[in-house]
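I have placed the structure first, in the form of structure tokens, so that the comments after it can refer back to it.
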Amino acid sequence: MSAQPAPVAETGYPWPIETARLDNGLRVVVSEDHTAPVVCVNLWYDVGSRHEPAGQTGFAHLFEHLMFEGSVHVAKTEHMRLIQGSGGSLNATTNPDRTNYFETLPVEHLELGLWLEADRMGGLVPALTQETLDNQREVVKNERRQRYDNVPYGDAWLRLLPLLYPPGHPYHHATIGSMEDLNAASLDTFKAFHQQYYAPNNAVLTVAGDVTPAEVFALAEKYFGALESVSDIPPAPRGHITGAATEPVHETVTGKVPAPRVYLSHRTHPFGTAGYDAITVLATVLGSGRGSRLYQRLADGARIAQPDYIGAYGVDLAHAPAPLIVTATAKDGVDAEQLAAGVAEVLDSMATEPVTEAELERAKALLTTSWWRQMSTVGGRADTLSRYATQFGDATSAAYRLPQWQSVTAGDILDAARTLNPESRVTLTYLPDEGTDQ
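Start counting the sequence shown at 1; every next residue gets the next number (full-length UniProt numbering).
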């Protein structure tokens, strides 16, 4: 195992960062902070829906559930009981780029968190049974019904992805995946997926809080050091797309929704690039809060959009041009065509009306507040460091995100806006089904 201290930018991340790599390839990141006697254990696995081959969509997300269902030395539901019984909190999430697992604990229970994570990294497959798999498949089906299928506008993300990315692209499908794929796969197929991706050399372990690097590196070696690396982890399919889309795409959905809603979307730049930093600030000017252009012009001005359902945001995907999404929901008496025209007009204004100094300062203030809110907890810090270590190979590069947002100029935003032309735009429209009760 080798360890090294790392320099940290003066702004963005003022806490120390040290890194090490175990002999089995596990990268360990430690950020020491003795402000409070708490610690976060955070694991990022470099596996998300973009890694799933044809016929195995939804696997990464299903394992987010299965990883809480017991391992060699931990009984079913025991992981949650042990963490919560020790005064801790825990969760996990999946997105197209990765899966993460995390616990925040009183510092005296650090070893418990590390032991639990190591046991399910190396010991899930021997404990995985057909009964557990079948049970969690049903849980995921119910999650799909509750979050996507039976919620007004709930399937928007599932519809936008295939409109934005062509068939075969790793971002073409959503993390929830295909219920047909989940039903068709055998227990052995799921076990093979875990053995392929849930390996120490495909993970980053970050510990932030009331610890020392030497302590964490020793404990990481104790609990994870004996786990074997995997030599043949398959790379994700290439996400490269040359240029913007060359023609607009439209889809209209009629269903059980209370009012017309429109989503306008563009592929932009990968997260972590200067181009995406400009898009992030642009989206904040365009759609964050009551001072945004969308709110001022469509909710307060023209009064065609509902004030609580209007916004713009980027989806922070790192391995292909990430989407910008702009959305609004119509007020009573406003039809979809009027709403879509209004949203498009405000979006297009970003290329014809340069942002004012006040708009730019406001957007940067909002992003600065958001950044420091994330950094205000050991959990937020640990997850951020895991992200930058996983996606960019360097946890310390997290310190430069805020300065890069702050360095974006009005000219940068204008240049970014001029790439968001109607010829490359995806438009998804929802219409109420007048024949059904909403």
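Ideal Cβ placement from N, Cα and C applies to all residues, glycine included. Given the structure is predicted, the values throughout are model-derived calculations rather than measurements.
Relative to the C-alpha of residue i, which candidate in the options has its C-alpha closest?
i, options, result
"Y197", "V408, D232, T212", "D232"
"E32", "V139, M121, F217", "F217"
"G122", "K191, R81, D300, G255", "K191"
"Y148", "V257, G380, T377, V29", "V257"
"V39", "S86, S71, G55", "S86"
"L110", "T384, N202, L219", "L219"
"K76", "G275, R120, A36", "R120"
"R27", "E180, A185, P213, L163", "P213"
"A399", "G154, D316, Y388", "Y388"
"G342", "S386, L294, D383, L367", "L294"
"H169", "A340, A320, T396, N135", "A320"
"H173", "A363, F59, N135", "F59"
"D134", "L187, D394, V334", "L187"
"H34", "E78, D210, T246", "D210"
"E78", "Q406, G113, V230", "G113"
"Q56", "N201, W157, F392, A185", "A185"
"A20", "L164, G225, N91", "G225"
"R290", "K331, L366, T273", "L366"
"V41", "L420, A199, S89, W15", "S89"
"D335", "D277, A203, A259", "A259"
"D316", "R381, Q338, Q391", "Q391"
"S229", "E215, V207, A203", "A203"
"T104", "P162, M375, A208, L128", "A208"
"F193", "Y153, E143, F63", "F63"
Identify whether residue i lies in helix, strand or coil by the three-state DSSP scheme.
i, result
"T189", "helix"
"W405", "helix"
"L22", "coil"
"N91", "strand"
"R27", "strand"
"P432", "strand"
"T396", "helix"
"S386", "helix"
"E247", "coil"
"R267", "strand"
"residue 442", "Absent from the model: residue 442. The displayed extent of the chain is 1 to 438, so no value can be given."
"E69", "coil"
"R381", "helix"
"V47", "coil"
"G239", "coil"
"I17", "strand"
"V38", "strand"
"T280", "helix"
"G272", "coil"
"T419", "coil"
"E52", "coil"
"residue 500", "For residue 500 there is no data in the structure shown, the boundaries of the chain being 1 and 438."
"V285", "helix"
Determine, using beta carbons only, whether residue i and residue j come nearer to each other than 8 Å.
i, j, result
"residue 469", "L43", "Beyond the ends of the chain as shown, which are 1 and 438, falls residue 469; an answer cannot be given."
"L360", "A410", "yes"
"V326", "T429", "no"
"L286", "A344", "no"
"T132", "E69", "yes"
"L116", "V74", "yes"
"Y223", "A118", "yes"
"G314", "L324", "yes"
"L160", "V378", "no"
"V29", "L385", "yes"
"N24", "L227", "yes"
"L182", "V151", "no"
"I176", "H65", "no"
"I83", "A395", "no"
"P248", "P37", "no"
"L420", "A322", "no"
"S424", "A274", "no"
"L339", "P200", "no"
"W15", "R362", "no"
Closer than 7 Å to a non-hydrogen atom of the ligand FMN - does that hold for the CB of residue i?
i, result
"A127", "The ligand FMN is absent from the structure shown, which contains no ligand whatsoever."
Contact between the region 123–136 and the region 98–114 (3+ Cβ pairs under 8 Å): no
Taking one C-beta from the region 249–257 and one from the region 303–315 each time, how about it: are there three or more such pairs within less than 8 Å? no
Segment contact, 8 Å Cβ cut-off, at least three pairs: the region 47–55 with the region 225–240: yes
I want to know whether the region 405–419 touches the region 268–285 - three or more CB-CB distances under 8 Å. yes
Counting pairs of Cβ atoms below 8 Å between the region 355–370 and the region 276–284, do you hit three or more? yes
Restricting to runs no shorter than 4 residues, where is the alpha helix (DSSP H) found entirely within the region 72–153? 78–85, 110–127, 130–144
Which runs of the alpha helix (DSSP H) fall wholly inside the region 298–379 and span at least 4 residues, in chain order? 336–352, 357–375
Write down every uninterrupted run of the alpha helix (DSSP H) in the region 152–228 whose length is 4 residues or greater and which is fully enclosed by it, in chain order. 156–164, 179–184, 187–197, 213–224
Three or more C-beta pairs under 8 Å: does that hold for the region 307–325 against the region 365–381? no
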